[in-house]
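Peer 1: Just passing along the structure, written as structure tokens.
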Amino acid sequence: MVTTSLLDIDMDQVLHKVEQLAHVKLPRDVIEVSLEPKLKMLCIRFKKPLTVELGEPVTEEISLFTDKDTDEITAVEVFNLEKLKLAY
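Under our numbering, the residue at position 14 of the sequence shown is numbered 217, and the numbers go up by one with no gaps.
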């Protein structure tokens, strides 16, 4: 079953799990969250990049985005929440 509502997702749990799997400390100021059920993808944005944003997969299910100028984490995409046991 694919999660179809953001209300079904515990964002604190998602951020904690991503930190464990990606070995990074994520910001806790979230400015945007979007869910694409057909793609099984959750995107969490922490801040807008100053100019250019660079994305890089860190695991099969997690991609981190950073500001090219500051190297700060700006967003994270999480694929297949069910596989990570973050949604049901």
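Glycine included, each C-beta is placed from N, C-alpha and C at the ideal position.
Just so it is clear, the structure is predicted and the values come from calculations on it, not from any experiment.
DSSP beta-bridge partners for residue 236?
Peer 2: DSSP, once it has assigned bridges, lists 247 as partnering residue 236.
Peer 1: Using alpha carbons as the reference points, say which of 214, 232, 277 and 222 lies closest to residue 252.
Peer 2: When each option's Cα is compared against that of residue 252, the closest is 277.
Peer 1: Kindly list the residues whose CB is nearer than 7 angstroms to the CB of residue 224, restricted to its own chain and excluding five residues on each side of it in sequence; keep chain order.
Peer 2: If we look at residue 224 and ignore the five residues flanking it on each side, its Cβ neighbours are 262 and 265.
Peer 1: Per DSSP, what are the beta-bridge partners of residue 296 in this structure?
Peer 2: Nothing can be reported for residue 296: it is not among the residues displayed for the chain, which extend from 204 to 291.
Peer 1: Taking the alpha helix (DSSP H) that residue 218 belongs to, which residues open and close that run?
Peer 2: Start and end: 214-225.
Peer 1: The beta strand (DSSP E) that contains residue 259, what's its start and end?
Peer 2: Element bounds for residue 259: 256-260.
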